[in-house]
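S.K.: Chain order of the listed sequences is A and B.
For the first sequence, position 49 (counting from the first letter as 1) is numbered 1188 according to my numbering, and the numbering increases by one without interruption.
For the second sequence, position 261 (counting from the first letter as 1) is numbered 1400 according to my numbering, and the numbering increases by one without interruption.
Positions of the beta carbon are idealized from the N, C-alpha and C atoms, including for glycine.
Here it is, the structure in full.
2 protein chains.
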Amino acid sequence: MRKRKGAGRPTIADVANKAGVSTITVSRALRDPAMVSDHLRRKINNAVRKLNYVPHSHASALASTRSNIIGVIVPSLTNNVFAESLRAIYDAFGQGAFQVQLGNSRYVPAEEERLVRTFLGQRPSAMIVAGTDQTDVTRQLLENAECPVVQIMDVGDDPIDMIVGFSHFEGGKAAGVHLVQQGYKRIGFLGARMDPRSYRRLEGFKEALQFGGRYDPDLIMTTTVSSSVSLGAELIAQFCARRPDLDAVFCNNDDMALGALFGCQKAGLSIPDDIGIIGFNDLEMMAAAHPSLTSIRTDRYAIGRHAVEMIQSVLSGETPDKKIVDLGFELQVRQSTSRAK
Amino acid sequence: MRKRKGAGRPTIADVANKAGVSTITVSRALRDPAMVSDHLRRKINNAVRKLNYVPHSHASALASTRSNIIGVIVPSLTNNVFAESLRAIYDAFGQGAFQVQLGNSRYVPAEEERLVRTFLGQRPSAMIVAGTDQTDVTRQLLENAECPVVQIMDVGDDPIDMIVGFSHFEGGKAAGVHLVQQGYKRIGFLGARMDPRSYRRLEGFKEALQFGGRYDPDLIMTTTVSSSVSLGAELIAQFCARRPDLDAVFCNNDDMALGALFGCQKAGLSIPDDIGIIGFNDLEMMAAAHPSLTSIRTDRYAIGRHAVEMIQSVLSGETPDKKIVDLGFELQVRQSTSRAK
DNA sequence: TTGTATGCGTTATCAC
DNA sequence: GTGATAACGCATACAA
């Protein structure tokens, strides 16, 4: 006879044999203990322990035509901003029956598309993806996916399904308005890893400066290189060398802002009097820095938590209150932009 | 007849029908296109596209008795150190046929045990876990797992299977030796989130100080609170208030060290003359800081990459050169400990 | 190169 | 409350 060897590990049938019951009873005892009598349940649990039985999740997923997988795709693992949303997602799903499957798109849309395809192959219970800038194909795949989909870290009128985040345009605008209000005259923008969200921040920033009559395209400095503290320090030095009259800078994130602080200090510039600095996201270090750094505070943890709540609500059959949730942001004014006017 | 409804999505049989071939041909065309004639392959690919067919990975895993899942468990998602190893792991596995399944144990051994159990339920192709401080049960589960297991971020004589990292004891010792050599007299230790690895750093540090005749248990300050830049700034202030004679401090990680720098600057202390500071891990910001911060450089990315290589080697049937790999560390001396003697 | 029959380990369905 | 049986969707073994 044809025979196939399994993985060799004990199966539910082995447990059933040892406990002297049928497989389905074991299945029930493990999934919903209340459905099985105390007597049998005890015997089954013993057998499970003795055999060191671990249920095979793939077989379960196949038989029940549903998996407990939540697919999550972010563009970066080392960027603290996404890490905090991820932490919220893992915290919320961690204890329950769900498994989080994480993908790293590295800011490459085609990579994201590949990941979406792979994840959908697992018939996930839900999907969470960062941003609104998916390729058309990615979008269509997700629209056809028979599971809730949440986009995070951004807002927009036209979500794939649901969305929770904040407006990067408005955030950038708030930064610009603040610098203008503080009386800075030659206000620059320093942006690394210019992803679509950073561009929206820049657009908002431009609008604020144009409105304030301070817009100078020569004071926009961007690069696609990954942002880092070191890069911030380097670029601000170049920036100041090229335009010694620069007197304030909006960095597209906090790493760049901290780097700008260090770079200015090295150059002997005084913050906030010679030059004002504002970052974006308000990582915890911003308040601790010396001088403390102004930033746009966003609540990444809340975004992750909210995304999970929306998913759980849909999975439990409810209709979520809102499909579009704007959690906003908050300007945190600190020493780095508080100069004596 | 008894009938069960599947998920309703197209199956490999639907594709086979549409293409006018058998299911196994479709299966082959998708897994190894070279096994199928051009003619049929084209028809099959067309059918796949038209039906928007996505293979069901659970069914595949069940039928082939092997999954393409790599289980990874780390204690933190927001700690940059683990994030960088993770990035290496995702980079290495990302393109291939493997899927990384990530778990966050939050520094809780029982949580880690639960995650190991869950992951083993997926019959992973391999497991990667952080550190050597698993519970006995976790260790046994992993020893019985029929897949390669790599412990990362640490070294030790007795790995579960394979291990790649560096010695935290030796790293701490190197930091202590350096401070003694620089002529600092009252050398303290500032440690937050004292996990087992941090304790080993502290032990190495103690040994160096004892050897140098500078050990003072009153200068060891630790807390179990999560480390952060803000916390570093707060604690160094308390530390200096209690022991104004403190003239150097080894922080158990770089966030704490950066915080210590800011805290000292706020207190008007000059670095490195009034007080020397050394961190651990050498995150990129350490070199950019002003003054630049001395640290113990570790290569987290290489650790992750190495772990993947060991796994791939085993999975392809080879025997890895070594089961224990010590990637070491390197003292990076910078301004924060380079005082005029 | 292609197809047929069967098994992977679990759960849904129906019967007792 | 418990059990027998047939799916779940795909890949292996073997044959042609």
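Compute the Euclidean distance between the alpha carbons of A1168/A and I1183/A, then round it to the nearest angstrom.
M.R.: Residue 1168/A sits at position 29 when you count from the first residue of the first sequence. Residue 1183/A sits at position 44 when you count from the first residue of the first sequence. Taking the straight line from one Cα to the other gives about 7 Å.
S.K.: Ends of the alpha helix (DSSP H) at C1403/B?
M.R.: As a position in the second sequence, residue 1403/B is number 264, starting the count at 1. Start and end: 1393-1405.
S.K.: Using a Cβ-Cβ cut-off of less than 7 Å, list which residues of the region 1181-1206 of chain B approach chain A; keep chain order.
M.R.: From the region 1181-1206 of chain B, only N1191, V1193, P1194, H1195, S1196, H1197, A1198, A1200, L1201, T1204, S1206 have a Cβ closer than 7 Å to chain A.
S.K.: Name the chain A residues that come within less than 8 Å of K1461/B, Cβ to Cβ?
M.R.: As a first step, residue 1461/B must be located in the second sequence, where it is residue number 322. Within 8 Å Cβ-Cβ: nothing; K1461/B doesn't reach chain A, min ~27 Å.
S.K.: For Y1192/A, tell me which candidate among M1174/A, S1166/A, D1171/A has the shortest Cα-Cα distance.
M.R.: Looking up residue 1192/A in the first sequence gives position 53. Comparing Cα positions, the closest option is S1166/A.
S.K.: Leaving out the 5 sequence neighbours to the left and right, which residues in its chain are closer than 8 Å to L1179/B when beta-carbon positions are compared?
M.R.: As a position in the second sequence, residue 1179/B is number 40, starting the count at 1. Around L1179/B: A1158, V1160, T1164, A1168.
S.K.: When you compare only the Cα positions, how much space is there between Q1377/A and A1406/A?
M.R.: Looking up residue 1377/A in the first sequence gives position 238. Looking up residue 1406/A in the first sequence gives position 267. Their Cα atoms are separated by approximately 11 Å.
S.K.: Whole angstroms are fine: how far does the CA of N1218/A sit from the CA of T1362/A?
M.R.: Position 223 of the first sequence holds residue 1362/A. Position 79 of the first sequence holds residue 1218/A. T1362/A and N1218/A: Cα-Cα distance of roughly 17 Å.
S.K.: When DSSP labels each residue in this structure, what does C1390/B get in the three-state scheme?
M.R.: Here the question's residue 1390/B lines up with position 251 in the second sequence. Three-state result, C1390/B: strand.
S.K.: Going by C-alpha distance, which of R1188/A, I1151/A, R1436/A is nearest A1314/A?
M.R.: Taking the first residue of the first sequence as position 1, residue 1314/A is located at position 175. A1314/A has its Cα closest to that of R1436/A, out of R1188/A, I1151/A, R1436/A.
S.K.: Only counting runs of 4 or more residues, tell me where the alpha helix (DSSP H) segments fall wholly within the region 1341-1389 of chain B, in order along the chain.
M.R.: Runs of the alpha helix (DSSP H) inside the region 1341-1389 of chain B: 1368-1381.
S.K.: Measure the C-alpha to C-alpha separation of R1141/A and I1151/B and round it to an integer number of angstroms.
M.R.: Against the first sequence, residue 1141/A aligns to sequence position 2. Against the second sequence, residue 1151/B aligns to sequence position 12. Below a pLDDT of 50, predicted positions are generally treated as unreliable, and R1141/A, at 47, falls in that range; the measurement from the model is reported next regardless. R1141/A and I1151/B: Cα-Cα distance of roughly 23 Å.
S.K.: Output the residue ranges of the beta strand (DSSP E) runs that lie fully inside the region 1193-1253 of chain A and measure 3 residues or longer, sorted by chain position.
M.R.: Listed in chain order, the complete beta strand (DSSP E) runs (minimum 3 residues) inside the region 1193-1253 of chain A are 1208-1213, 1238-1243.
S.K.: Can you tell me which of L1374/A, F1328/A, Y1338/A, L1341/A puts its alpha carbon nearest to the alpha carbon of L1358/A?
M.R.: Within the first sequence, residue 1358/A is the residue found at index 219, counting from 1. Considering only alpha carbons, the answer is F1328/A.
S.K.: Do Q1474/B and P1383/B have their beta-carbon atoms positioned less than 8 Å apart in this structure?
M.R.: The residue given as residue 1383/B occupies position 244 in the second sequence. The residue given as residue 1474/B occupies position 335 in the second sequence. Not in contact: P1383/B and Q1474/B (Cβ atoms no closer than 8 Å).
S.K.: So G1443/B is in the alpha helix (DSSP H); what residue range does that whole segment cover?
M.R.: Locating residue 1443/B in the second sequence gives position 304, where the first residue counts as 1. That run of the alpha helix (DSSP H) goes 1439-1454.
S.K.: Give me the chain B residues within the contact set of G1415/A, using Cβ-Cβ distance strictly less than 9 Å, ordered along the chain.
M.R.: Against the first sequence, residue 1415/A aligns to sequence position 276. Those within 9 Å of G1415/A in chain B number zero; the least Cβ separation is about 18 Å.
S.K.: Which residues of the region 1428-1460 of chain B have a Cβ closer than 7 Å to any Cβ of chain A? Give them in chain order.
M.R.: Listed by position along the chain: A1428, H1429.
S.K.: Which residues in the same chain as L1241/A place their Cβ atom closer than 6 Å to its Cβ, once the five residues preceding and following it in sequence are excluded?
M.R.: In the first sequence, the residue the question calls residue 1241/A occupies position 102. The residues are V1211.
S.K.: Three or more beta-carbon pairs under 8 Å between the region 1189-1204 of chain A and the region 1256-1263 of chain B, yes or no?
M.R.: Segments in contact, yes.
S.K.: What would DSSP say about D1275/A, mapped onto helix, strand or coil?
M.R.: Residue 1275/A sits at position 136 when you count from the first residue of the first sequence. Three-state result, D1275/A: helix.
S.K.: Leaving out the 5 sequence neighbours to the left and right, which residues in its chain are closer than 6 Å to V1303/A when beta-carbon positions are compared?
M.R.: Locating residue 1303/A in the first sequence gives position 164, where the first residue counts as 1. Contacts found: I1291, I1442, H1445, A1446, V1464.
S.K.: Counting only Cβ pairs nearer than 7 Å, list the residues of chain A close to E1423/B.
M.R.: To locate residue 1423/B, count along the second sequence from 1; it is residue 284. Correct list: S1367, V1368, S1369.
S.K.: Within its chain, find whatever has a CB closer than 8 Å to the CB of L1408/B; leave out the 5 residues flanking it on each side and keep chain order.
M.R.: Stepping through the second sequence from its first residue, residue 1408/B is reached at position 269. Here the set comprises C1379, I1414.
S.K.: Figure out for me which residue from R1325/A, K1462/A, A1186/A, G1235/A has the closest Cα to the Cα of M1301/A.
M.R.: The residue labelled residue 1301/A in the question sits at position 162 within the first sequence. Minimum Cα distance to M1301/A is reached at K1462/A.
S.K.: For I1183/B, report the span of its alpha helix (DSSP H) as first-last.
M.R.: Along the second sequence, one-based indexing puts residue 1183/B at 44. Taken as a continuous stretch (DSSP letters only), the alpha helix (DSSP H) holding I1183/B covers 1177-1190.
S.K.: Any beta carbon from chain A within less than 8 Å of E1223/B's own beta carbon?
M.R.: If you number the second sequence from 1, residue 1223/B lands on position 84. Yes, E1223/B lies at the interface with chain A (some Cβ there is under 8 Å from its Cβ).
S.K.: Could you tell me whether the Cβ of V1239/A comes closer than 8 Å to any Cβ of chain B?
M.R.: Here residue 1239/A refers to the residue found at position 100 of the first sequence. It does: the Cβ of V1239/A has a partner Cβ on chain B nearer than 8 Å.
S.K.: Nearest to D1280/A by CA position, among G1311/B, H1197/B, R1339/B, K1189/B, is which residue?
M.R.: To locate residue 1280/A, count along the first sequence from 1; it is residue 141. Inspection of the sequence shows that residue 1280/A is occupied by Leu rather than by Asp. That would be K1189/B, whose Cα lies nearest to the Cα of L1280/A.
S.K.: DSSP state of R1141/A, grouped into three classes?
M.R.: Position 2 of the first sequence holds residue 1141/A. Residue confidence for R1141/A is low, a pLDDT of 47 falling below 50, so the modelled location carries little weight; the figure read from the coordinates is stated next. Residue state, collapsed to three classes: coil.
S.K.: Is D1171/B buried or exposed, if buried means 16 or more other CB atoms sit within 10 Å of its CB?
M.R.: If you number the second sequence from 1, residue 1171/B lands on position 32. By the neighbour-count rule (16 or more Cβ atoms within 10 Å), D1171/B is not buried but exposed.
S.K.: For A1479/A, which residues in the same chain have their Cβ closer than 8 Å to its Cβ, ignoring the five residues on either side in sequence?
M.R.: Here residue 1479/A refers to the residue found at position 340 when the first sequence is read from its first residue. Excluding sequence neighbours, A1479/A sits near D1412.
S.K.: Using a Cβ-Cβ cut-off of 8 Å, state whether A1155/B counts as contacting chain A.
M.R.: The sequence position of residue 1155/B within the second sequence is 16, counting from 1. Judged by the 8 Å Cβ criterion, A1155/B is not in contact with chain A.
S.K.: I want to see whether chain B comes within less than 8 Å of K1405/A, judged by CB atoms only; does it?
M.R.: For the purposes of this step, residue 1405/A is taken as residue 266 along the first sequence, with counting starting at 1. Chain B contact via Cβ: present.
S.K.: Going by C-alpha distance, which of D1334/B, Q1471/B, V1268/B, Y1354/B is nearest L1225/B?
M.R.: Within the second sequence, numbered from 1, the residue matching residue 1225/B stands at position 86. When each option's Cα is compared against that of L1225/B, the closest is V1268/B.
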